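Q: Here the protein sequences come in this chain order: A and B.
Residue 556 in numbering that gives the first Met the number 0 sits at position 557 of the first sequence; the count goes up by one each step and never skips.
Residue 394 in numbering that gives the first Met the number 0 sits at position 395 of the second sequence; the count goes up by one each step and never skips.
From the three backbone atoms N, C-alpha and C, an ideal C-beta is built for every residue, glycine too.
As the structure is a computational prediction, the values presented were derived from the model and not from experiment.
Following this message is one structure expressed as structure tokens.
Number of protein chains: 2
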Amino acid sequence: MRSDRLPETFLPKRIALPVFASDPLSSVAYAPDEILLTLGLAGGAVALAYSWQIALVVVAVLIIVVLSYRQNVQAYPSGGGDYEVATVNLGPKAGLTVGSALLVDYVLTVAVSVSAGVQNAGSAFTFVRGHEAVIAVLVIFGLTAINLRGVRESGIAFAIPTYLFMATVIGMALFGFYREAIGTLPLAESAPLDLAPEPGYEALSGVALVFLLLRAFSSGCAALTGVEAISNGVPAFRKPKSKNAATTLLLMGTVSITMLLSMVTLARWTNIHYAEDPATQLLRDGVPVGDDYVQDTVMGQVSKAVFSDLPAGVVLVSIVTGLILVLAANTAFNGFPVLGSILARDGFLPRQLHTRGDRLAYSNGIVILAGAAAFLVLVYDAEVTRLIQLYIVGVFVSFTLSQTGMVRHWNRHLRLERNPAMRTRMLRSRVINAVGALMSGTVLLVVLVTKFIHGAGFAIAAMAVLYVVMTRIRRHYDAVRDELAVSEGDTKHQLLPSRVHAIVLVAKIHKPTLRALAYARATRPSILEALTVDVDPDETRALQAEWDRRDLPVPLKALDSPFREITRPVVDYVKSIRSGSPRDLVVVYIPQYVVGHWWEQVLHNQSALRLRTRLLFTPGVMVSSVPWQLASSEGAEDRMDGPVAGDVRRGEG
Amino acid sequence: MRSDRLPETFLPKRIALPVFASDPLSSVAYAPDEILLTLGLAGGAVALAYSWQIALVVVAVLIIVVLSYRQNVQAYPSGGGDYEVATVNLGPKAGLTVGSALLVDYVLTVAVSVSAGVQNAGSAFTFVRGHEAVIAVLVIFGLTAINLRGVRESGIAFAIPTYLFMATVIGMALFGFYREAIGTLPLAESAPLDLAPEPGYEALSGVALVFLLLRAFSSGCAALTGVEAISNGVPAFRKPKSKNAATTLLLMGTVSITMLLSMVTLARWTNIHYAEDPATQLLRDGVPVGDDYVQDTVMGQVSKAVFSDLPAGVVLVSIVTGLILVLAANTAFNGFPVLGSILARDGFLPRQLHTRGDRLAYSNGIVILAGAAAFLVLVYDAEVTRLIQLYIVGVFVSFTLSQTGMVRHWNRHLRLERNPAMRTRMLRSRVINAVGALMSGTVLLVVLVTKFIHGAGFAIAAMAVLYVVMTRIRRHYDAVRDELAVSEGDTKHQLLPSRVHAIVLVAKIHKPTLRALAYARATRPSILEALTVDVDPDETRALQAEWDRRDLPVPLKALDSPFREITRPVVDYVKSIRSGSPRDLVVVYIPQYVVGHWWEQVLHNQSALRLRTRLLFTPGVMVSSVPWQLASSEGAEDRMDGPVAGDVRRGEG
């Protein structure tokens with residue numbers, strides 16, 4: 000499936016890491032923010048007390064997920080993906096659930112990553128502020144254009160910004176640790192402010208506090224999205240593929256955890272106060288800072304503190320963060336069409352998303368993804384905090400079903416395996432996947448409970464709608480397949496029509512008409528007649544006269560049209576032929592202009608098109624388009640090939 | 000042209016008047032307002048001093064226009080319309096100018112009338128206030144739906160509201176005159192207010208004052224739109240058609256003038272202060288009334304004064320005014336598609352706006368008109384005063400060219416006419432039309448000069464764009480016609496292809512494939528082969544095996560597709576056949592599913608469609624669609640006929 004989306008050379012680990020890891024790594028740019036601001040709802044003290052713990056729990060979950068997916072990678076070296084794992088082990092309904100969930104989450108990956116990128120860019124480039132949604136939509140359109148042109152994502156293009164991001168963030172962390180050690184790390188710009196709790200969240204305790212902590216944890220779990228990408232991409236790795244993929248997963252997990260913990264630590268040391276609603280929650284000397292206060296992202300505030308003497312450092316962090324977030328969005332532009340194509344192959348989505356390998360199929364997927372993401376960005380005004388409420392649900396549905404499927408996978412294999420060493424390894428894998436399934440399921444439950452009313456409900460609703468629609472599409476394709484099937488011994492569909500009655504439609508006498516007449520005569524039909532519709536008696540008389548004068552070797556018949564229509568008299572006439580001789584085949588020849596530009600298409604062929612559509616409804620009728628290539632059509636065919644087809648050629652040739 | 004748009008019975012004058020006069024009569028609901036508020040820019044004293052005079056000048060122009068068009072009606076009993084008159088007498092460029100101008104003005108008729116109707120409705124139904132634009136767009140969509148369904152506008156449907164409007168307005172005027180005579184006519188609600196001049200308009204004198212008076216006159220000329228409708232509709236009148244039409248014109252002018260003068264008189268007696276910007280211009284005890292003040296239309300304020308003891312009268316005026324304005328908008332829904340069809344017939348607009356009489360052509364025109372009008376309403380927030388700045392330019396371009404054309408018409412006829420009585424009558428007509436042309440030209444100049452920067456410039460720009468686009472379209476059609484023309488003796492286009500090479504495209508073996516094979520065999524081609532594209536080697540092998548097992552009587556060929564495309568290998572193969580035997584005809588048979596719903600169309604035929612489009616670019620290739628009607632397509636054909644076609648039948652049957 001992915002062969003035309005991946006480089007023809009296999010990836011060494013040092014390239015595979017950046018290719019697959021931009022999505023999970025980039026979440027360090029927004030996950031700490033979400034943890035802090037959710038806790039901050041209950042005030043600065045709560046945020047200070049719990050942000051560390053929440054981050055550690057997220058890290059623990061990340062470790063388990065990484066370990067679990069290392070099992071997937073070993074068991075499905077063909078790069079099954081969660082959809083395949085769920086379908087094979089739990090059945091098509093589970094697979095379709097995973098498919099719906101991942102489609103929704105790909106859209107959210109684009110919306111969240113791009114919004115976060117734009118928001119981060121605002122730290123260094125203040126002109127972005129206030130226009131986030133528009134700029135985010137423009138970025139999405141830019142990504143769409145790049146992906147539609149089919150620029151081949153070379154490993155290097157991913158490697159440079161990803162390693163730059165890793166180096167910058169870890170460098171910033173080390174420099175921050177050094178400054179803290181020698182006592183020169185300044186406080187953040189928001190440190191002097193007080194963070195007041197939101198109304199209703201004052202002095203939380205007991206169940207309410209636990210609920211808030213769980214909610215903060217749910218938001219922090221945004222750090223986990225994209226982990227599954229490596230398990231889809233195993234075939235792209237150098238040999239030994241599974242082992243290299245598993246190692247890369249581990250590397251990615253390690254880097255992710257390092258960066259996440261560094262950011263949370265630095266945020267704490269620089270005493271960042273980060274609020275969901277900064278205008279009212281942040282107080283300066285007891286007074287709300289108001290709408291004029293601009294709250295930088297945590298990454299932005301940390302960079303401004305760490306690089307307090309080095310403004311270029313702040314700009315660098317802002318740029319590489321924006322870049323990696325756009326790369327993260329770009330991974331969805333690969334993943335969505337691939338998943339769409341697999342679902343279409345299995346009959347759950349319209350066939351043109353698959354089309355037996357035609358590259359154009361991906362274009363449809365790319366456009367759908369971009370449209371949906373841009374819609375979300377506009378609806379949620381590119382606010383990461385609101386978008387993140389819808390996020391992660393899909394990923395954890397996918398994690399849970401995939402890990403559960405893996406447990407089944409090992410059960411099945413254990414039933415057949417006799418080798419004790421292998422059995423031991425399988426038993427160990429099963430334990431890991433079972434823990435993964437249990438933990439993913441728990442997190443999913445937590446996410447659902449804590450975020451449902453904040454937005455996760457919409458994500459679930461979207462998945463449900465997709466699930467139902469895809470089920471219906473599959474049912475439709477199945478019904479059509481059954482309707483069209485011919486049993487082996489059945490030969491009645493091979494019966495030939497007894498005679499061929501050819502009709503050439505004529506509006507006036509010009510080259511296309513003469514060509515249609517010549518082509519129709521070349522097929523030597525049993526009966527051949529030219530047909531015109533008498534809408535204007537004068538015109539019809541003139542046509543008939545010219546017809547006779549030119550001595551055309553086919554009789555011209557004029558149909559009455561009391562209501563000055565064209566379509567209906569022709570259809571009625573064809574039907575009358577059919578009812579007179581039901582075993583005849585009627586072939587209608589329609590001259591058609593082939594033009595070079597879309598606006599010329601608007602100017603021609605409209606009646607022909609309408610007539611063609613209507614005639615197709617009549618059984619026993621075949622419609623032949625006799626093209627006439629106008630001069631303007633020359634070269635248009637080459638334009639239609641475009642860069643996409645060319646690219647596929649470059650990609651695999 | 001109009002035969003299917005008009006009742007089959009011919010109209011007596013008492014029905015023709017309301018059918019054609021709703022547009023000019025309805026302008027009494029906004030023309031006085033525009034005169035008053037334009038004068039009011041210079042303060043209440045100026046408005047009081049000049050509103051009467053301005054109204055009288057407008058009336059004078061109206062009289063001349065009516066008298067002029069009585070000549071058109073006599074000279075073109077076939078209902079030429081300004082486009083025909085200008086084209087015949089001044090040439091196609093003048094005709095096209097009139098066409099562009101009228102198209103723009105039809106759009107403005109809808110926008111202005113509906114906006115004014117909604118604004119008037121606000122006098123009685125206050126919930127409308129603040130939502131004018133949305134409600135106006137909904138009204139436009141409602142009119143569109145009604146006109147698309149093709150409800151036949153019976154004369155009665157027009158007659159009742161139009162006569163009701165005439166009776167109500169004239170009744171209100173008489174009652175108002177009576178109350179004034181006995182001294183009980185109260186002052187208007189805005190009478191106690193002062194009307195302050197806008198900044199820059201204080202103490203105008205000389206040129207500036209004259210300019211403002213001319214501007215007020217220009218706005219007042221909105222009362223003249225729609226006068227030309229009767230001259231288009233002469234064929235619909237009872238005999239003697241021309242005489243009856245001329246009488247109806249006179250009637251319409253008389254009623255129009257009576258109503259206009261009555262409204263201006265009552266506005267003066269009730270001392271209405273009407274401002275362009277009421278919040279700042281209207282002062283209560285020297286203080287601006289502010290944004291809370293709601294300014295009723297002149298019609299609304301007059302009705303509230305006259306019917307001060309009879310609130311039902313106010314509601315009645317509001318309802319019938321809204322109704323007649325909607326009827327006025329509806330006349331554009333007739334006029335625009337008819338004009339579009341005439342322009343399309345002459346090759347200036349896409350042919351599907353004409354399509355040799357097909358009723359569907361009108362639907363396209365209706366949708367275009369509604370879209371453009373709704374766009375204007377939204378852009379100008381349904382504010383009549385701003386829309387009116389764009390209005391009238393087109394009508395006066397049309398008046399001027401049409402009247403000038405009439406002068407030419409009489410010149411031509413006078414050259415041939417010998418009968419002295421006839422000559423006298425023609426000379427008199429020529430004088431009237433010359434006065435009409437001169438006066439229309441002067442008004443056009445005044446309108447252009449006074450309103451250009453206020454919006455008329457946009458209308459001119461829109462006309463210019465339309466003119467250029469229509470010229471280009473005509474040039475394109477002419478070029479295509481020349482390219483396609485066959486000279487009389489030329490028989491080389493009748494040459495038959497030497498052989499027919501038939502290709503049946505096969506994806507899998509099912510009923511549509513077998514039907515395509517049978518149809519292709521029935522045409523007995525010289526060479527017949529089945530063709531599949533080898534995208535997936537396993538699938539292709541299975542297909543080949545089933546093909547052999549079923550013993551199908553046609554060889555199956557598989558094309559390599561290294562890039563897993565479908566379109567390109569087929570096109571390349573067809574081209575290779577053509578280059579091997581250039582005199583052969585290649586016929587490609589493509590099975591096509593016929594489905595009942597648009598969403599099923601999305602699920603099928605997409606590759607076939609793409610392939611078909613591409614093959615048509617290759618000369619010497621004919622594409623035959625072999626339809627397979629799926630069960631769901633049954634009954635869909637009847638649904639396609641819909642109410643429009645059915646209506647045409649009712650209309651003329």
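Quick one: measure Cβ to Cβ for Ala327 (chain A) and Ser25 (chain A), integer angstroms, because I've assumed they're closer than 8 Å.
A: The pair is a contact, with the Cβ atoms about 4 Å apart (cut-off 8 Å).
Q: Quick one: using the 10 Å Cβ neighbour count with 16 as the cut-off for buried, is Thr320 (chain A) buried or exposed?
A: Buried, by the Cβ-count rule.
Q: When the Cβ atoms of the segment 527-535 of chain B are set against those of the segment 554-573 of chain B, are three or more pairs found closer than 8 Å?
A: Yes: at least three Cβ pairs fall under 8 Å.
Q: Closer than 8 Å, Cβ to Cβ, to anything on chain A: give me those residues from the segment 462-488 of chain B, in chain order.
A: So the list reads Ile472, His475, Tyr476, Val479, Arg480, Glu482, Leu483, Ala484, Val485 and Glu487, given in the order they occur along the chain.
Q: When you compare the CB positions of Leu95 (chain A) and Thr470 (chain A), do they come within less than 8 Å of one another, or not?
A: Yes, the Cβ-Cβ distance between Leu95 (chain A) and Thr470 (chain A) is below 8 Å.
Q: Would Ser189 (chain B) and Gln300 (chain B) be called neighbours here (beta carbons separated by less than 8 Å)?
A: It is a contact, given that the beta carbons lie within the stated cut-off.
Q: At what residues does the alpha helix (DSSP H) containing His492 (chain B) begin and finish?
A: Neither: His492 (chain B) is in no alpha helix (DSSP H) and is coded neither H nor E.
Q: So if DSSP puts Trp627 (chain A) in a beta bridge, which residue, or which two residues, is it bridged to?
A: For Trp627 (chain A), which the question treats as bridged, DSSP gives the partners A:Tyr592.
Q: By Cβ distance below 7 Å, which residues in the same chain neighbour Val36 (chain A) in space, the five residues on each side in sequence not counted?
A: Reading off the sequence shown, one finds Leu at residue 36 (chain A), where the question assumed Val. Tyr273, Ala274, Glu275 and Thr384.
Q: Using a Cβ distance threshold of 8 Å, determine whether the segment 31-47 of chain A contacts the segment 290-300 of chain A, with at least three qualifying pairs required.
A: These segments touch.
Q: Can you give me the start and stop residues for the alpha helix (DSSP H) that Glu188 (chain B) sits inside?
A: No alpha helix (DSSP H) holds Glu188 (chain B); DSSP gives it neither H nor E.
Q: Taking only three categories from DSSP, how would you classify Leu309 (chain A)?
A: Looking at Leu309 (chain A) - three-state DSSP - the assignment turns out to be coil, as it is neither helix nor strand.
Q: Should Arg414 (chain A) go down as buried or exposed, given a rule of 16 or more other Cβ atoms within 10 Å for buried?
A: Under this definition Arg414 (chain A) is an exposed residue.
Q: Please list the segments of the beta strand (DSSP E) lying wholly inside the segment 534-589 of chain B, counting only runs of 3 or more residues, in order along the chain.
A: As far as the segment 534-589 of chain B is concerned, its whole beta strand (DSSP E) runs of at least 3 residues are 555-559.
Q: Considering only DSSP beta bridges, list what Leu194 (chain B) is partnered with.
A: Its beta-bridge partners are B:Leu281.
Q: Have a look at Ser560 (chain B) and Tyr572 (chain B) and give me their C-alpha separation to the nearest angstrom.
A: C-alpha separation (whole angstroms): 11 Å.
Q: What residues in the segment 516-531 of chain B bring their beta carbon closer than 8 Å to a beta carbon of chain A?
A: Hits within the stretch, in order: Leu516, Ala517, Tyr518, Arg520, Ala521, Thr522, Arg523 and Pro524.
Q: Does Gln605 (chain A) come within less than 8 Å of chain B when only Cβ atoms are used?
A: By this cut-off, Gln605 (chain A) is an interface position.
Q: Out of B:Val113, B:Ile391 and B:Arg69, which one is the CA nearest neighbour of Lys240 (chain B)?
A: For Lys240 (chain B), the nearest C-alpha among the options comes from B:Arg69.
Q: What number of angstroms, rounded off, separates the C-alpha of Gly232 (chain A) from the C-alpha of Phe19 (chain A)?
A: Cα to Cα, Gly232 (chain A) sits roughly 8 Å from Phe19 (chain A).
Q: What are the partner residues of Phe236 (chain B), as DSSP defines its beta bridges?
A: In the DSSP output, where bridge partners are listed per residue, Phe236 (chain B) has B:Leu10.
Q: May I ask you to list the residues that DSSP assigns as paired with Ala529 (chain A)?
A: The partner list for Ala529 (chain A) (beta bridge, DSSP) reads A:Val503 and A:Leu555.
Q: Since Lys510 (chain B) meets chain A, which of its residues come closer than 9 Å, beta carbon to beta carbon?
A: Here the neighbours are Glu482, Leu483, Ala484, Val485 and His492.
Q: Which value, in whole angstroms, describes the spacing of the CA atoms of Ser606 (chain A) and Tyr588 (chain A)?
A: Each residue's Cα considered, the two are about 14 Å apart.
Q: Answer with yes or no whether the minimum CB distance from Gln591 (chain A) to chain B is below 8 Å.
A: So, interface residue.
Q: In chain order, which alpha helix (DSSP H) runs of at least 4 residues are fully inside the segment 128-178 of chain A?
A: Whole alpha helix (DSSP H) segments, 4+ residues: 131-148.
Q: So what's Val226 (chain B) in DSSP terms, helix, strand or just coil?
A: Of the three classes helix, strand and coil, the one that applies to Val226 (chain B) here is coil, per DSSP.
Q: Would DSSP call Pro76 (chain B) helix, strand or coil?
A: In this structure, Pro76 (chain B) counts as coil in the three-state DSSP scheme.
Q: Would a check of beta-carbon distances place Ser632 (chain B) closer than 8 Å to chain A?
A: Closer than 8 Å to some Cβ of chain A, the Cβ of Ser632 (chain B) qualifies, so yes.
Q: For Leu322 (chain B), collect the residues of the same chain with a Cβ closer than 6 Å to its Cβ; drop the 5 residues on either side in sequence, then sort them by chain order.
A: For Leu322 (chain B), where only same-chain residues beyond five positions count, the Cβ hits under 6 Å are Pro160.
Q: Would you grab the beta carbon distance between Tyr390 (chain B) and Leu107 (chain B) for me? Rounded to a whole angstrom, and I think it's under 8 Å.
A: Yes, they are in contact, since the Cβ atoms of Tyr390 (chain B) and Leu107 (chain B) sit about 5 Å apart, within 8 Å.
Q: Can you check whether the CB of Val499 (chain A) is closer than 8 Å to the CB of His492 (chain A)?
A: Going by C-beta atoms, His492 (chain A) is not nearer than 8 Å to Val499 (chain A).
Q: Would the segment 327-341 of chain B count as touching the segment 104-123 of chain B if we require 3 or more Cβ pairs under 8 Å?
A: The answer is yes - the segment 104-123 of chain B touches the segment 327-341 of chain B, with three or more Cβ pairs under 8 Å.
Q: Consider the Cβ of Pro234 (chain A): report whether some Cβ of chain B lies at a distance smaller than 8 Å.
A: No - not a single Cβ of chain B is within 8 Å of the one on Pro234 (chain A).
Q: Using C-beta distances below 7 Å, list every residue in its chain close to Ala519 (chain B), excluding the 5 sequence neighbours before and after it, in chain order.
A: The answer, listed in chain order, is Ala501, Val503, Leu527 and Tyr588.
Q: Can you tell me whether Ala266 (chain A) is buried or exposed? The criterion is at least 16 other CB atoms within 10 Å of its CB, across all chains shown.
A: Classification for Ala266 (chain A): buried.
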